[in-house]
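Just so you know, we're using my numbering here: the sequence shown kicks off at 549 and counts up by one. Accompanying notes for the structure given below.
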Amino acid sequence: MEKKKLGSILTGIGIVLLLVSVFADPLGIGGYLGFGYKQIIGAVLGIVIGIIGALLYRK
Numbered sequence: 549m550e551k552k553k554l555g556s557i558l559t560g561i562g563i564v565l566l567l568v569s570v571f572a573d574p575l576g577i578g579g580y581l582g583f584g585y586k587q588i589i590g591a592v593l594g595i596v597i598g599i600i601g602a603l604l605y606r607k
């Protein structure tokens with residue numbers, strides 16, 4: 549798979565993971581009200597995956 553395509557896919561996955569983590573409570577999939585540790589982990593992973601994807605896309 550070429551780097552640009554992989555980068556696009558990873559960037560998309562990262563953005564979706566970040567958004568789902570941030571909006572878990574309004575979506576009804578959060579464990580409790582407030583920003584829990586699982587949401588923090590999901591948001592951080594989403595950011596990291598998105599950045600890796602963007603870097604791969606640029607090369």
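Glycine included, every Cβ here is placed at the ideal spot set by N, Cα and C.
C-beta contact flag for residue i and residue j at 9 angstroms
i: Gly590; j: Ile561; result: no
i: Ile577; j: Val570; result: no
i: Leu554; j: Ile595; result: no
i: Ile604; j: Lys552; result: The sequence given here places Leu at residue 604; Ile does not occur at that position. Yes, these two residues count as a Cβ contact at 9 angstroms.
Closer than 8 angstroms: residue i CB and nearest the ligand NAD heavy atom
i: Gln587; result: This structure lacks the ligand NAD, and indeed carries no ligand of any kind.
Uninterrupted alpha helix (DSSP H) stretches inside the region 553–598 (no shorter than 4 residues): The region 553–598 contains these whole alpha helix (DSSP H) runs: 572–575.
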